[in-house]
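Residue numbering for the sequence shown follows our numbering, beginning at 1269 and increasing consecutively. In this text, a Cβ means the ideal position worked out from N, Cα and C, and glycines have one as well. Below you'll find the structure, written out as C-alpha cells, and then a few comments.
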Amino acid sequence: MAAAAQVIRRAQLYVPGSSMRFLGKSRSFAALDSVAYDLEDSVTPSKKPEGRRNILEILNRDRVQGIREQAVRINSVGSGFALDDLTEILKGKHLDCLVVPKVDAASDLHFVTDVLRQKLPERHAAGSSNPVKIVALVESARSVMDLSAICAASPYLSGLTFAAEDFALDLSLTRTPSLHEFMYARSAIVTAARAFNLPSTLDLVSTTFRGEEGVKQLREESENGKRFGFNGKQCIHPDQVATVQEVFSPSPQEAEWAVRIVIADAKADKQGRGAWTLDGKMIDVPVVGKAKAIVARAEVCGMDVKGLQENFKDEEPQ
C-alpha cells in the first residue's frame, strides 16, 4: 500500500462564520494547520446568508503566513442550504478545503463533487494539482456502516472526521472520559482512511479545556486519539490549538529515533541485511516503514530533520 500523501491537519479550528470579529481574529494565528470557517452548527438559519458573505470576504483577503489551510464547513447536503453555501463560497479566491457534515452516504459527496466541477472546472480538470479538497464528517451509524462507499465517492476526498456528539445522539450513547463507547466507530474511521489512502483523520472535539484540569484532559484525549491512529483533532477554541498540534507532531524523541533508523537502514541495505538491531531491538521492514513516515511528517511539521540527520550520520546497524 502506498503511503498517504502528507497533509498536515494536526488541528482544525472551527470559527463561526456569523462573527466578523472571530473571523478576523482567526487570521492572527502564528501557526495553525487548518481553520474551518463554519456555516453549519454555529450559524442560525437566519444568519446563514450573512455568514456566507463574511466568509467570502475573508477568503478573498490576502493569505496570512501562519495558516496552512483555509476550509469552510458547509451545511449538510440534506439541509437545503448546501447549494447556496457552495454557490457563494466557491467564489473565494483562497479556499482550500470543504468540510462536509453529516455524510451518511456516497451520494452526499457525489453532489459536492459535481458542484465543484461545475463551478470551478479549471481547478478540477484531470491532472489539476490544486483542487478544492473535501473532508467528510462521520456522524451516524449509517455513515460508519457505509465507510467504504464514502471513501471511494470522490477523488477530492482528503480526510475523515469523527463527530462524536452527533454520533452519540444517533446511538443514544453517553460520552464518558474513557471514550470506550466510541471505540468501534473511531477504529472503523482510521482503518477506512488508511485502506483508501486518505491522508487526514480528525478525532472528536474535546469539550472541556479551561484551567489546568481542562488542559490535562485535552492532552490525554489527544494522546488517546494519536494511539488510535488519528493524526489530528477538531478544535472549538483557539486555546486548544497549541496543545493539540504539539501532541499530533512527532515528539523530539520520536523524530530522533526515526532518523537513526532510516540512516542505519540505508547502510544495512547496502550490506544486504534485511533485519538488524538498534538499541537491542530488532529492526525489520515494518519498523523502517514507520520510521520513514515519522521522518516525512516531522519535515512537514517544520522540525529540524536535516540537523538530526547530521547529528546521527554515523549511526550504524547493529
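Beta-carbon contacts of residue i that lie in its chain and below 6 Å, excluding the five residues immediately before and after
i	result
Cys1419	Ala1460, Phe1464
Ser1474	Leu1486, Glu1489
Ile1276	Asp1301, Val1568
Lys1581	none
Trp1399	The question names Trp, but residue 1399 in the sequence shown is Pro. The residues are Arg1391, His1392, Tyr1424.
Arg1295	Val1332
Met1288	Asn1322
Glu1337	Ser1302, Asp1364, Cys1365
Lys1401	Cys1365, Tyr1424, Ser1426
Proximal residues to residue i (C-beta, below 7 Å), its chain only, five neighbours per side dropped
i	result
Ile1326	Leu1291, Tyr1305
Leu1466	Ala1272, Cys1419, Leu1425, Ser1426, Gly1427, Leu1428
Leu1576	Ala1523, Glu1524, Val1527
Ser1468	Val1275, Arg1277, Val1403, Ser1426, Gly1427, Asn1499, Gly1500
Asp1376	Val1345, Val1368
Gly1479	none
DSSP three-state assignment for residue i, whether helix, strand or coil
i	result
Gln1539	coil
Cys1503	strand
Asp1352	helix
Tyr1282	strand
Met1571	coil
Thr1381	helix
Thr1469	strand
Glu1337	strand
Ala1394	coil
Asp1306	strand
Gln1404	In the sequence under discussion, the amino acid at residue 1404 is Ala, which differs from the Gln named in the question. Three-state result, Ala1404: strand.
Gly1628	Residue 1628 is absent from the structure shown; the chain starts at 1269 and stops at 1586.
Thr1442	coil
Gly1548	coil
Leu1366	strand
Leu1291	helix
Among the options, nearest to residue i - alpha-carbon criterion
i	options	result
Leu1439	Thr1429, Glu1407, Lys1558, Ser1375	Glu1407
Ala1279	Ser1296, Asp1301, Gly1285	Asp1301
Gln1386	Ile1402, Lys1370, Thr1355	Thr1355
Asn1579	Asp1547, Ile1531, Gly1570	Ile1531
Leu1358	Arg1410, Glu1524, Asp1382	Asp1382
Arg1462	Met1413, Glu1514, Ile1342, Phe1498	Phe1498
Gly1493	Val1553, Ser1310, Met1571, Gln1513	Gln1513
Ala1409	Leu1388, Ser1422, Met1550, Ala1431	Ala1431
Phe1297	Gly1479, Leu1281, Asp1309, Thr1312	Leu1281
Lys1316	Val1412, Ala1350, Asp1572	Ala1350
Distance between beta carbons of residue j and residue i, contact taken as under 8 Å
i	j	result
Lys1535	Glu1584	6 Å
Arg1565	Pro1506	That pair is no contact at about 23 Å.
Ile1562	Ala1523	7 Å
Gly1500	Leu1470	5 Å
Phe1435	Ala1456	Not a contact, Cβ separation roughly 11 Å.
Gly1319	Ser1286	5 Å
Leu1324	Gly1360	5 Å
Glu1491	Val1458	About 15 Å separates the two Cβ atoms, so there is no contact after all.
Rounded straight-line distance, which links the Cα of residue j to that of residue i
i	j	result
Gly1540	Asp1533	10 Å
Ala1394	Phe1379	18 Å
Leu1307	Gly1548	53 Å
Val1527	Asp1353	45 Å
Val1368	Gly1346	11 Å
Thr1442	Glu1449	8 Å
Ser1314	Arg1329	25 Å
Pro1445	Pro1284	27 Å
Glu1433	Lys1370	12 Å
Met1269	Gly1557	Unreliable placement is indicated for Met1269, whose pLDDT of 35 sits below 50; the coordinate value is still reported in the next sentence. Each residue's Cα considered, the two are about 11 Å apart.
Thr1545	Val1553	12 Å
Met1451	Arg1495	12 Å
Met1550	Gln1521	18 Å
Asn1343	Ala1299	27 Å
Val1311	Arg1341	11 Å
Phe1477	Lys1293	20 Å
Gly1570	Lys1560	16 Å
Ile1504	Ser1411	23 Å
Leu1447	Gln1502	16 Å
Chain-order list of residues whose beta-carbon lies under 8 Å from that of residue i (same chain, five-residue window excluded)
i	result
Val1414	In the sequence under discussion, the amino acid at residue 1414 is Asp, which differs from the Val named in the question. Asp1372, Ala1373, Ala1374.
Val1573	Ala1523, Val1527, Val1563, Ala1566, Glu1567
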